[in-house]
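For the sequence shown, the positions run 652 to 877 when my numbering is used. Here is the structure we will look at.
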Amino acid sequence: MGHGATAVSGQVGSDAGPDAHVRVAVLELAGVSRLHAGRPVWAPVDLRVASGSLCIVTGDNGSGKTTLLRLAAGLLRPSTGSRICTGRALYVRAGAGLRGVQTVAGAVATTAGLAGRRSAATAALAVLGLDGSATRRVGTLSAGERVRVTLAAALAAQPSLLCLDEPTGVLDERGVDDLLAVLRQLRAGGCAVLLATHQPAAVLAGADAHLHLAGGRVSLHDPVSA
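Laid out in structure tokens, this is it:
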């Protein structure tokens with residue numbers, strides 16, 4: 652983890668949507684950094700993320716991707732600077748955080764219920780092709796199926812900001828297609844997405860920006876540079 656590098660300043664997503672509707676800032680980071688062992692994980696970050704936008708986050712292991720996503724979601728406090736989030740933020744480590752004894756339906760309903768959207772769980776299961784597995788225990792699922800469960804939970808919860816950590820690693824081609832479909836549906840409802848991945852090519856379609864972490868520096872690029 653580096654320190655003392657140049658800060659990044661930028662915006663993800665334009666201020667006008669496809670129908671010329673104004674996009675609001677869902678997340679604003681101002682001079683934000685986070686200390687680890689007394690040193691900044693990355694240089695101070697100024698970042699504005701607009702509603703309905705998708706930002707791909709890349710970087711080597713240990714570069715601070717998960718730290719940035721957890722901070723963006725409000726699970727970590729910045730060591731310097733400020734974070735403002737409009738609406739509800741959700742951090743999802745794809746396939747993780749599930750209890751093996753829960754049923755698929757129960758796991759999705761629990762997350763949706765925390766957002767006051769428990770009734771949306773059934774429809775979300777159908778979108779991910781999990782309605783036939785609703786009564787299965789999470790502990791019996793494959794890694795790819797567990798990712799589908801977390802995606803269904805995110806879809807049902809309909810947050811303002813979704814911080815999605817490493818969803819692509821265990822997905823097959825159909826799974827990636829389902830992921831892209833979920834992202835389109837969430838973004839159509841105004842949800843902004845920060846998606847960390849080691850496989851950016853799988854999710855570049857429709858992305859607004861590419862945030863890359865390396866050597867203590869966070870740099871913002873057009874998605875084609877991923």
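Heads up, the beta-carbon is just placed ideally off N, CA and C, and yes, glycines get one too.
Exposed unless 16 or more other CB atoms sit within 10 angstroms - verdict on H861: Counted from its first residue, the sequence shown places residue 861 at position 210. Label assigned to H861: buried.
Which residues DSSP lists as bridging V683, in chain order: Here residue 683 corresponds to residue number 32 of the sequence shown, with the count starting at 1. In the DSSP output, where bridge partners are listed per residue, V683 has V696.
Beta-carbon separation (whole angstroms), L845 vs L720, contact threshold 8 Å: By one-based count along the sequence shown, residue 845 stands at place 194. By one-based count along the sequence shown, residue 720 stands at place 69. 6 Å between Cβ atoms; contact.
Distance between H863 and R690 (C-alpha atoms, nearest Å): If you number the sequence shown from 1, residue 690 lands on position 39. If you number the sequence shown from 1, residue 863 lands on position 212. Spanning the two alpha carbons is a distance of roughly 19 Å.
Three CB pairs or more closer than 8 Å across the segment 672 to 685 and the segment 698 to 713: yes
Rounded C-alpha distance that separates G732 from L680: Start at 1 with the first residue of the sequence shown, and residue 732 comes out as number 81. Start at 1 with the first residue of the sequence shown, and residue 680 comes out as number 29. Rounded to the nearest angstrom, the two C-alpha atoms are 7 Å apart.
Rounded straight-line distance, which links the Cα of Q836 to that of D829: Translated into the one-based positions of the sequence shown, residue 829 becomes position 178. Translated into the one-based positions of the sequence shown, residue 836 becomes position 185. Each residue's Cα considered, the two are about 11 Å apart.
Nearest residue (CA-CA) to V696, options G715, A775, D711: Mapped onto the sequence shown, residue 696 falls at position 45. It is G715 whose Cα lies nearest to the Cα of V696.
Residues of its chain near D621, where Cβ-Cβ distance is below 8 Å and the 5 sequence neighbours each way are ignored: Beyond the ends of the chain as shown, which are 652 and 877, falls residue 621; an answer cannot be given.
Residue of A747, G826, V755 minimising C-alpha distance to A785: One-based indexing of the sequence shown puts residue 785 at position 134. Per the Cα distances, V755.
Where the beta strand (DSSP E) containing G710 begins and where it ends: Within the sequence shown, numbered from 1, the residue matching residue 710 stands at position 59. Taken as a continuous stretch (DSSP letters only), the beta strand (DSSP E) holding G710 covers 705 to 710.
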